[in-house]
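Under the UniProt record's numbering, the first residue of the sequence shown carries the number 1, and numbering increases by one thereafter.
A virtual CB, placed ideally from N, CA and C, is assigned to each residue, including glycine.
Please read all numbers here as calculations on a predicted model, not as lab measurements.
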Amino acid sequence: MSTSTSTLTPIPVPSTSQESSNPHPNAKPTKTPRKKPEPGQKPPGSAKQGGPANQKGAGKLRGLEKDSPEVRLSKTLSWLLRHGAKGEGLPMRADGYVKVTDLLANPKLKGQGLELARLKEIVAADAKKRYDLISEGEGDEAVWWIRANQGHSIKTVKLELCPITSAADIPTGVAVHGTSRKAWELISKEGLSKMKRNHIHIAQAVAGENVISGMRNSSQIFIFIDLQKALDAGIKFFFSDNGVILTEGNEKGILGTEFFERVEDAKHVVIPGWGRESGLAA
């Protein structure tokens, strides 16, 4: 009687030790590759999206990260009302007014917690008086409208401006345009241009001298305009609602250098060749 012996082959059990996955004694531990983020998604551990001025689910505001939420909101409002309304699908009247309800529903502002009450605060607190907020109708039927007082590049906007007929109409007796040194290089050759805007902006005083609007506080060069000479030459000037002097310049949108009375730097030093002694002013 013969017997057969069956041999059982042992099944290897995978080791969970580091040695089994890295058999070489000097091998580095194997790292699990990180999953790539989906398009538009920031990787784990990166900076949080949004912030006080860009709430989750809200549109991105204009301005710098260092700017306060109120400043960024104001910059976004200014851009929408001066330049972006058409591209953003915001209906705008010929006089520049936009319905507040339409404005607040815009993707750039929706989700920012901006309501009529806060909008009123922003408008009232704006040092340069950039906006005009009005109500038409009474009680529950009232409709609120807002516009930028000046600075538009939207060609269909026709503001109700107050004509200036004499240099004596300027309360301060001053008409000055502020700019940067870099821009001055071209302006000194070609004059002031309205560029893509509807008007050239001129202030009634140098920035820092109780000027409300019409000039950036960062201006480095100040161009004083001989307003009467320009008026006599047929150039038209107007006041905006917040006191900025506006002009379209000549038929090419230029206010020529012949109307520059003098030009000063930030220290009120006359730029050589651009003072009364140079014969620029009549």
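Cα-Cα separation, I154 to S74: 19 Å
Reduced DSSP category for K155 - H, G, I as helix; E, B as strand; rest coil: coil
L192 and L109 closer than 7 Å at C-beta: no
I187, enclosing alpha helix (DSSP H) - first and last residue: 181-190
Whole-angstrom C-beta distance between G275 and F222, which should lie under 8 Å: Not a contact, Cβ separation roughly 12 Å.
Bounding residues of the beta strand (DSSP E) (the contiguous stretch that carries R216): Counting along the chain, R216 falls outside any beta strand (DSSP E), and DSSP gives it neither H nor E.
Counterpart residues of G178 in DSSP-defined beta bridges: F222
Whether S166 touches R130 by CB criterion (7 Å): no
Within 7 Å, strictly: CB atoms of V269 and R262: no
Inter-stretch contact at 8 Å, needing at least 3 Cβ pairs: the segment 142-158 / the segment 86-106: yes
Check whether V176 and V143 have beta carbons under 7 Å apart: no
Cα-Cα separation, A183 to I170: 26 Å
Between the CA atoms of G87 and Y97 - distance to the nearest angstrom: 16 Å
Buried or exposed (CB count within 10 angstroms, at least 16 for buried), A85: buried
Range of the contiguous beta strand (DSSP E) that encloses V263: 260-265
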